[in-house]
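*Asks:*
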Amino acid sequence: MSDILWSGISRPARLFAYVILLLAAFWVIFPALWAVVNSVKTTTDTFRAGALIPFVDFKPTLTSWRSVLGDPEARQALLSSTIVSLGTTIFVLLLGTPAAYSLARFFPRRSRDITLWFLSQRVLPPAVVLIPFYVMMVALRLIDTWTGLIFCYSTFNLAFGVVIMRDVFRDVSIEIEEAAKVEGATHWQIFRLIALPLAVDGLIVSAVIVFAFTWNEALFASALTSQHAMTMPAFILASRSTRGVDFNTASVNTLLAIMPPVILSFFVQRFLARGLSFGAVKG
Amino acid sequence: MLLPAIVWVIAFTFFPLISVLHFSFTSYVLGQGITGYVGLQNYIDVLESAEFWHSIAITAIYVAIAVPAEVVLGFLLAWLVSLGASGSRVFRGILAAPLFTMEVAVGYLGVTLYTDQGGPITLVLGLLGIHIPWFSTGWGGLLGAIILDIWRWTPFVFLIALAAIGAIPATIYEAALLDTRSHWQIMLRLALPLCWPVMTVAILLLLVEALKVFGLPFALTSGGPGTSTQVFSIADYLTTIQFFDFGKGSAMGIIFLILVSIIITFFFRQMRRNIE
Numbered sequence: 001m002s003d004i005l006w007s008g009i010s011r012p013a014r015l016f017a018y019v020i021l022l023l024a025a026f027w028v029i030f031p032a033l034w035a036v037v038n039s040v041k042t043t044t045d046t047f048r049a050g051a052l053i054p055f056v057d058f059k060p061t062l063t064s065w066r067s068v069l070g071d072p073e074a075r076q077a078l079l080s081s082t083i084v085s086l087g088t089t090i091f092v093l094l095l096g097t098p099a100a101y102s103l104a105r106f107f108p109r110r111s112r113d114i115t116l117w118f119l120s121q122r123v124l125p126p127a128v129v130l131i132p133f134y135v136m137m138v139a140l141r142l143i144d145t146w147t148g149l150i151f152c153y154s155t156f157n158l159a160f161g162v163v164i165m166r167d168v169f170r171d172v173s174i175e176i177e178e179a180a181k182v183e184g185a186t187h188w189q190i191f192r193l194i195a196l197p198l199a200v201d202g203l204i205v206s207a208v209i210v211f212a213f214t215w216n217e218a219l220f221a222s223a224l225t226s227q228h229a230m231t232m233p234a235f236i237l238a239s240r241s242t243r244g245v246d247f248n249t250a251s252v253n254t255l256l257a258i259m260p261p262v263i264l265s266f267f268v269q270r271f272l273a274r275g276l277s278f279g280a281v282k283g
Numbered sequence: 001m002l003l004p005a006i007v008w009v010i011a012f013t014f015f016p017l018i019s020v021l022h023f024s025f026t027s028y029v030l031g032q033g034i035t036g037y038v039g040l041q042n043y044i045d046v047l048e049s050a051e052f053w054h055s056i057a058i059t060a061i062y063v064a065i066a067v068p069a070e071v072v073l074g075f076l077l078a079w080l081v082s083l084g085a086s087g088s089r090v091f092r093g094i095l096a097a098p099l100f101t102m103e104v105a106v107g108y109l110g111v112t113l114y115t116d117q118g119g120p121i122t123l124v125l126g127l128l129g130i131h132i133p134w135f136s137t138g139w140g141g142l143l144g145a146i147i148l149d150i151w152r153w154t155p156f157v158f159l160i161a162l163a164a165i166g167a168i169p170a171t172i173y174e175a176a177l178l179d180t181r182s183h184w185q186i187m188l189r190l191a192l193p194l195c196w197p198v199m200t201v202a203i204l205l206l207l208v209e210a211l212k213v214f215g216l217p218f219a220l221t222s223g224g225p226g227t228s229t230q231v232f233s234i235a236d237y238l239t240t241i242q243f244f245d246f247g248k249g250s251a252m253g254i255i256f257l258i259l260v261s262i263i264i265t266f267f268f269r270q271m272r273r274n275i276e
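Written as structure tokens, this is what we have:
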């Protein structure tokens with residue numbers, strides 16, 4: 001949309017719009033800001049009302065950052081989160097991209113039913129299937145392993161990844177592919193050499209979404225890990241119940257846990273709406 | 001090319017569903033294994049347990065407040081950003097960011113925000129003479145979790161609404177501006193109906209996510225005080241993982257799945273009718 005609407009608005013109304021947007025931005029940023037401020041406080045300053053602005057109201061310290069980043073458990077959790085999220089993303093893309101492509105090309109009519117079927121996976125509350133997965137992981141001796149978590153998360157995210165990527169492939173022009181077919185290219189060659197390179201942008205968005213969903217998942221992470229493979233959400237929940245909440249290290253943990261997917265998401269903003277609504281909007 | 005994905009999904013979604021159904025008819029405590037078939041006893045136990053219905057009620061309250069608030073706020077903010085003021089790209093970036101934050105971390109952060117030991121929210125509300133018992137009462141904890149949920153999920157509606165509003169051709173607005181000067185009217189009578197098909201998808205997906213909520217309230221309150229903030233996923237998790245009662249946990253899951261399916265189907269039908 002252009003600025004037709006904006007130019008037709010009276011001055012007070014513009015001001016009002018800005019005030020609301022600024023308030024909303026403040027509301028979004030404030031918790032993160034609070035975490036940053038708390039992360040550089042000493043314990044005494046934390047409980048002193050009025051200690052709000054670093055350097056002005058209190059002397060900032062990196063003690064909490066040092067203690068968290070020096071804590072082997074926290075480092076292990078960050079490592080596990082990274083490996084499990086990356087592993088799941090790669091696995092979903094490897095298995096899901098060819099499936100998405102064939103859905104888009106060979107079953108354009110059918111794809112509506114398949115979409116619904118895939119979406120029903122998302123409706124299934126994880127708590128419902130937690131027990132069978134737990135039993136399965138015990139039987140396979142995959143409790144508290146990265147492999148076990150990657151296995152579970154791939155299952156949950158695959159359907160979802162396929163639906164997003166199918167939408168990406170549907171937008172790749174079919175004429176080029178038909179020309180290649182005339183030249184005698186096989187389906188596999190067309191997919192690998194033509195469709196895939198043209199769909200890279202969309203695939204990156206899918207990857208970011210799958211990565212973020214995996215990184216943030218807490219229920220399976222808590223139930224299926226105990227130490228070695230504990231990811232950040234499980235680590236946070238566990239330390240909350242065993243050590244209580246130490247506000248300073250809690251703030252550091254929160255920031256470490258929140259940053260990676262948020263930063264990634266900034267790079268793909270333009271395509272996110274489309275991916276998140278499974279192609280319902282063309283954004 | 002389709003086969004590996006389909007086989008994978010069938011194997012690892014049907015199999016768990018069938019086993020959860022199977023477990024739900026057994027007496028199954030971890031460590032002892034399946035010690036016999038009990039018929040519908042697990043279901044009767046669950047349906048008669050006040051705790052189960054309590055968790056359903058808590059989930060219902062949570063969803064019934066959070067989802068409508070997120071839809072309204074998300075759409076309004078998307079509209080304001082779409083007006084095209086300078087700096088709207090920056091606003092879009094900021095307002096979308098919470099969607100990618102870890103729910104557990106948000107709930108955990110909530111503890112430091114709501115605390116009455118120097119917490120900013122208590123401080124500000126205190127100046128206004130308001131005191132909300134965030135951690136000592138069930139309603140306080142639930143309210144705290146819902147506020148954070150709104151912080152976390154409004155961006156979902158915001159992003160989708162933004163794309164939907166942006167897809168409306170500028171000529172339609174030009175025509176509308178000839179008829180009315182009221183932007184309020186243009187938003188309600190023009191943009192909202194045109195975006196509605198897309199918005200229904202957003203609402204449906206948001207509803208699905210909200211019904212599954214776990215990490216945020218769990219990190220904020222651990223389900224307490226007592227069981228007062230145990231949404232379904234927390235209650236089921238505790239039954240399963242703390243008490244290892246897999247039979248009863250499975251029955252809880254199945255009943256919840258049936259309830260969720262009914263709600264989702266109902267909404268889906270209703271929305272399809274609206275679009276047609």
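Residue numbers (this note's numbering), protein chains in the order written: chain A, 1 to 283; chain B, 1 to 276.
For glycine and all other residues, C-beta sits at the position ideal for the given N, C-alpha and C.
(1) What in chain B is Cβ-close to I204 of chain A, meaning under 9 angstroms?
(2) Pick helix, strand or coil for G129 of chain B, following the three-state DSSP scheme.
(3) Return the first residue and the last residue of the beta strand (DSSP E) that S27 of chain B is part of.
(4) Report all residues from its chain with a CB closer than 6 angstroms to the CB of A74 of chain A; omit the five preceding and five following residues, and keep chain order.
(5) Going by beta carbon distance, what residues of the same chain come within less than 6 angstroms of I164 of chain A, once the five residues before and after it are set aside?
(6) Do three or more CB pairs link the stretch 81–100 of chain B to the stretch 255–269 of chain B at distances below 8 angstroms?
(7) Reducing DSSP to helix, strand and coil, say where G118 of chain B ends up.
(8) Going along chain A, which residues have a C-beta under 7 angstroms from P120 of chain B?
(9) When we look at the beta-carbon of H131 of chain B and count the other beta-carbons within 10 Å, is it buried (16 or more) or exposed?
(10) Hey, how far is the Cα of L257 of chain B from the Cα of I172 of chain B?
(11) Sorted by chain position, which residues of the same chain lie with C-beta nearer than 7 angstroms to F23 of chain B's C-beta, five sequence neighbours on each side aside?
(12) Report the partner residues of I34 of chain B according to the DSSP bridge assignment.
(13) Taking 7 angstroms as the CB-CB cut-off, is G74 of chain B touching chain C?
(14) Measure from the C-beta of S39 of chain A to each C-beta in chain B and report whether the shortest distance is under 7 angstroms.
(15) So with CB distances below 9 angstroms, who are the chain A contacts of W153 of chain B?
(16) Could you pull the DSSP bridge partners for P54 of chain A from this structure?
(17) Taking F23 of chain B as part of the alpha helix (DSSP H), name the residues at either end of that continuous run.
(18) Using Cβ-Cβ distances below 9 angstroms, what residues of the stretch 178–191 of chain B are close to chain A?
(19) I'd like to know whether the C-beta of F160 of chain A is nearer than 7 angstroms to at least one C-beta of chain B.
(20) Going along chain B in order, which residues have a C-beta closer than 8 angstroms to the C-beta of Q189 of chain A?
(21) Going along chain B, which residues have a C-beta under 8 angstroms from G96 of chain A?
(22) Of the residues B:K212, B:L238 and B:A235, which one's Cα is nearest the Cα of S261 of chain B?
(23) Straight-line CA distance for R273 of chain B to L194 of chain B?
(24) Which residue from B:L159, B:N42 and B:Q41 puts its Cα closest to that of R89 of chain B?
(25) Ordered along the chain, which non-local residues of its own chain (more than five positions away) have a Cβ less than 7 angstroms from that of G166 of chain B?
(26) Bridge partners for D245 of chain B per DSSP, in chain order?
(27) Step through the CB atoms of chain B and report whether any lies within less than 7 angstroms of the CB of F47 of chain A.
(28) Mind listing the chain B neighbours of L142 of chain A? Cutoff is C-beta to C-beta under 9 angstroms, in chain order.
(29) Could you work out which residue in B:A170, B:S233 and B:A85 is closest to A13 of chain A when comparing CA atoms only?
(30) Classify R270 of chain A as buried or exposed, calling it buried when 16 or more other Cβ atoms lie within 10 Å of its own Cβ.
(31) So, A219 of chain B versus A66 of chain B, is the Cβ gap smaller than 7 angstroms?
(32) Contact criterion: CB-CB distance below 7 angstroms. Does F12 of chain B meet it with respect to chain A?
(33) Which residue spans inside the stretch 146–219 of chain A form an unbroken alpha helix (DSSP H) run of at least 4?
(34) Taking three-plus beta-carbon pairs below 8 angstroms as touching, is the stretch 149–164 of chain B in contact with the stretch 51–70 of chain B?
(35) With a cut-off of 7 angstroms, does the C-beta of I160 of chain B fall near any C-beta of chain A?
(36) Taking DSSP as the reference, what is the three-state secondary structure of P98 of chain A?
*Replies:* So, to answer that:
(1) Taking the first sequence and counting its residues from 1, the one referred to as residue 204 of chain A is at position 204. Residues of chain B passing the Cβ test: none, with the nearest at roughly 15 angstroms.
(2) Position 129 of the second sequence holds residue 129 of chain B. The answer is coil: DSSP assigns G129 of chain B none of H, G, I, E or B.
(3) Taking the second sequence and counting its residues from 1, one reaches residue 27 of chain B at position 27. Here the beta strand (DSSP E) through S27 of chain B covers T26 to V29.
(4) Here residue 74 of chain A is taken as the residue at index 74 of the first sequence, counted from 1. Correct list, in chain order: V68.
(5) Looking up residue 164 of chain A in the first sequence gives position 164. Taken in chain order, the residues that qualify are S206 and G275.
(6) No, the stretch 81–100 of chain B does not touch the stretch 255–269 of chain B.
(7) Taking the second sequence and counting its residues from 1, one reaches residue 118 of chain B at position 118. G118 of chain B falls in the coil class under three-state DSSP.
(8) The count along the second sequence starts at 1 and reaches residue 120 of chain B at position 120. The answer, in chain order, is W34.
(9) Here residue 131 of chain B is taken as the residue at index 131 of the second sequence, counted from 1. With fewer than 16 Cβ atoms within 10 Å of its Cβ, H131 of chain B is classed as exposed.
(10) Position 257 of the second sequence, counting from 1, holds the residue named residue 257 of chain B. Position 172 of the second sequence, counting from 1, holds the residue named residue 172 of chain B. Taking the straight line from one Cα to the other gives about 43 angstroms.
(11) Locating residue 23 of chain B in the second sequence gives position 23, counting from the first residue. Answer for F23 of chain B: F246, G247 and S250, listed in chain order.
(12) On the second sequence, residue 34 of chain B is found 34 positions in, with the first residue counted as 1. BP columns for I34 of chain B point to B:Y28.
(13) Note that chain C does not occur in the displayed structure, where the protein chains are A and B.
(14) If you number the first sequence from 1, residue 39 of chain A lands on position 39. Not closer than 7 angstroms to any Cβ of chain B, the Cβ of S39 of chain A fails to qualify, so no.
(15) As a position in the second sequence, residue 153 of chain B is number 153, starting the count at 1. The contacting residues do not exist; W153 of chain B stays about 11 angstroms from chain A at best.
(16) By 1-based counting over the first sequence, the position of residue 54 of chain A is 54. Its beta-bridge partners are A:F58.
(17) The residue given as residue 23 of chain B occupies position 23 in the second sequence. Residues F15 to F23.
(18) From the stretch 178–191 of chain B, only R181, H183 and I186 have a Cβ closer than 9 angstroms to chain A.
(19) The residue labelled residue 160 of chain A in the question sits at position 160 within the first sequence. With 7 angstroms as the cut-off, F160 of chain A does not count as an interface residue toward chain B.
(20) In the first sequence, counting from the first residue as 1, residue 189 of chain A sits at position 189. The premise fails here: Q189 of chain A is roughly 13 angstroms from chain B at the closest Cβ pair, so nothing lies under 8 angstroms.
(21) Residue 96 of chain A sits at position 96 when you count from the first residue of the first sequence. Those are A5, listed as they occur along chain B.
(22) As a working note, residue 261 of chain B is residue 261 in the second sequence. Nearest option by C-alpha distance: B:K212.
(23) Counted from its first residue, the second sequence places residue 273 of chain B at position 273. Counted from its first residue, the second sequence places residue 194 of chain B at position 194. If you take the alpha carbons of R273 of chain B and L194 of chain B, they lie about 15 angstroms apart.
(24) The count along the second sequence starts at 1 and reaches residue 89 of chain B at position 89. Comparing C-alpha distances from R89 of chain B to each of B:L159, B:N42 and B:Q41 shows the shortest one belongs to B:L159.
(25) The residue you call residue 166 of chain B lines up with position 166 of the second sequence. Around G166 of chain B: S82.
(26) Numbered from its first residue, the second sequence carries residue 245 of chain B at position 245. According to DSSP, D245 of chain B bridges with B:V29.
(27) Locating residue 47 of chain A in the first sequence gives position 47, counting from the first residue. Output row for F47 of chain A: interface = yes.
(28) The residue you call residue 142 of chain A lines up with position 142 of the first sequence. Within chain B, no residue comes near L142 of chain A; the closest Cβ sits about 13 angstroms away, beyond 9 angstroms.
(29) On the first sequence, residue 13 of chain A is found 13 positions in, with the first residue counted as 1. Of B:A170, B:S233 and B:A85, the residue nearest in Cα terms is B:A85.
(30) Stepping through the first sequence from its first residue, residue 270 of chain A is reached at position 270. Classification for R270 of chain A: exposed.
(31) Start at 1 with the first residue of the second sequence, and residue 219 of chain B comes out as number 219. Start at 1 with the first residue of the second sequence, and residue 66 of chain B comes out as number 66. Not a contact, by the Cβ cut-off of 7 angstroms.
(32) Counting from one through the second sequence, the residue named residue 12 of chain B turns up at place 12. So yes, F12 of chain B belongs to the interface.
(33) 146–171, 174–182 and 200–216
(34) yes
(35) What you label residue 160 of chain B is simply residue 160 of the second sequence in a count that begins at 1. True, the Cβ-Cβ gap to chain A drops below 7 angstroms.
(36) Here residue 98 of chain A is taken as the residue at index 98 of the first sequence, counted from 1. DSSP places P98 of chain A in helix when its eight states are reduced to three.
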